[in-house]
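The working numbering numbers the first residue of the sequence shown as 2 and each following residue consecutively.
For each residue, glycine too, the CB sits at the ideal point set by N, CA and C.
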Amino acid sequence: MQLQALRSLPLHLPAGSDIRLSLEALAAELQASGFVLSVVGHLSQAAFQCPGQGGPTILEGDLEIISLQGTIAPQGVHLHLSVSDGACQVWGGHLEPGALVGKGADLLVGVLALEGSGIAPSTQSERARPAPPSNQEPRVEIAVLAGCPYSARALRMLRTLGIAYRVVPASGGGSFPQVRIDGVVIGGYDALAELHGRGELEALRNR
Numbered sequence: 002m003q004l005q006a007l008r009s010l011p012l013h014l015p016a017g018s019d020i021r022l023s024l025e026a027l028a029a030e031l032q033a034s035g036f037v038l039s040v041v042g043h044l045s046q047a048a049f050q051c052p053g054q055g056g057p058t059i060l061e062g063d064l065e066i067i068s069l070q071g072t073i074a075p076q077g078v079h080l081h082l083s084v085s086d087g088a089c090q091v092w093g094g095h096l097e098p099g100a101l102v103g104k105g106a107d108l109l110v111g112v113l114a115l116e117g118s119g120i121a122p123s124t125q126s127e128r129a130r131p132a133p134p135s136n137q138e139p140r141v142e143i144a145v146l147a148g149c150p151y152s153a154r155a156l157r158m159l160r161t162l163g164i165a166y167r168v169v170p171a172s173g174g175g176s177f178p179q180v181r182i183d184g185v186v187i188g189g190y191d192a193l194a195e196l197h198g199r200g201e202l203e204a205l206r207n208r
């Protein structure tokens with residue numbers, strides 16, 4: 002029986018990121034399970050499922066994250082969110098897609114990996130993506146699909162190159178991932194790899 006080692010992974014989410022989709026993408030990229038250890042940050046929109054309700058509750062405004070806890074895995078996530086509004090009223094429930102980062106959010110994720118699996122967040126390819134300067138939004142947006150190997154490869158490439166990105170909800174159908182640079186759709190993993198081969202991703206690196 003192999004032992005599981007806990008690796009702590011800091012994760013910065015820039016403005017506009019979908020918290021749930023970002024954590025799903027992280028688990029899919031690393032192909033590992035884990036849980037959220039801590040979080041501080043701000044939302045412009047919260048989306049959560051309250052007990053006994055037929056659909057998710059959506060809150061908009063200046064919302065401070067109070068807590069985020071639960072598990073992540075390549076097969077999906079199970080997370081509970083609580084936020085405070087401007088009147089210090091606390092809301093919360095099961096985290097749904099649509100919880101969008103406002104000013105920014107910083108998480109610490111505990112990743113469980115089998116000894117010898119090669120998952121080591123201390124290496125450049127496995128570290129959380131570097132945060133862009135405070136006055137600069139990520140130029141890359143990527144929509145991914147859980148369990149999609151090409152989505153995981155695209156995310157790993159961006160991390161390895163030190164390119165800040167934002168995970169966004171997928172729009173429409175088609176193949177995954179779906180990558181936008183400066184708002185322009187460039188395609189999927191193959192298109193991203195082609196740009197990298199031509200050296201055209203260098204200008205996007207966070208220096």
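> Closest by CA to P178, which one among A6, A26, L14 and G17?
Replying inline: As a first step, residue 178 is located in the sequence shown; it is residue number 177 there, counting from the start. A26 is the residue among A6, A26, L14 and G17 whose C-alpha sits nearest the C-alpha of P178.
>> On the DSSP bridge list, what partners appear for Y166?
In response: As a working mapping, residue 166 is identified with position 165 in the sequence shown. Under DSSP, Y166 forms a beta bridge with V141.
> Just to confirm, are G99 and L82 a CB contact at a threshold of 8 angstroms?
Replying inline: Your numbering for residue 99 matches position 98 in the sequence shown. Your numbering for residue 82 matches position 81 in the sequence shown. The beta carbons of G99 and L82 sit no closer together than 8 angstroms.
> Name the DSSP bridge partner or partners of G42?
Replying inline: Taking the sequence shown and counting its residues from 1, one reaches residue 42 at position 41. Checking the DSSP bridge columns, you'll see G42 partnered with A106.
>> Nearest by alpha-carbon distance to Q70: which of D63, E30 and L24 is it?
In response: For the purposes of this step, residue 70 is identified with residue 69 of the sequence shown, where counting begins at 1. The residue from D63, E30 and L24 with its alpha-carbon nearest to that of Q70 is L24.
> At which residues does the beta strand (DSSP E) containing S68 begin and terminate?
Replying inline: For the purposes of this step, residue 68 is identified with residue 67 of the sequence shown, where counting begins at 1. In the DSSP annotation of this structure, the continuous segment of the beta strand (DSSP E) that includes S68 starts and ends at T58 to A74.
> So, is R167 buried or exposed, given that buried needs 16 or more other C-beta atoms within 10 angstroms?
Replying inline: Within the sequence shown, residue 167 is the residue found at index 166, counting from 1. So R167 ends up on the buried side.
>> Among G55, T72 and A48, whose alpha-carbon lies nearest the alpha-carbon of L64?
In response: Against the sequence shown, residue 64 aligns to sequence position 63. Minimum Cα distance to L64 is reached at A48.
> Under a three-way DSSP split, which group does L159 fall into?
Replying inline: Stepping through the sequence shown from its first residue, residue 159 is reached at position 158. L159 falls in the helix class under three-state DSSP.
> Out of curiosity, what's the CA-to-CA distance linking R157 and S45?
Replying inline: Within the sequence shown, numbered from 1, the residue matching residue 157 stands at position 156. Within the sequence shown, numbered from 1, the residue matching residue 45 stands at position 44. If I take the Cα positions, the gap works out to 27 angstroms.
> Where does D183 land, buried or exposed, given buried means 16+ other C-beta within 10 angstroms?
Replying inline: Stepping through the sequence shown from its first residue, residue 183 is reached at position 182. Under a 10 Å Cβ-count criterion, D183 is classified as exposed, with fewer than 16 other Cβ atoms of the shown protein chains found around its own Cβ.
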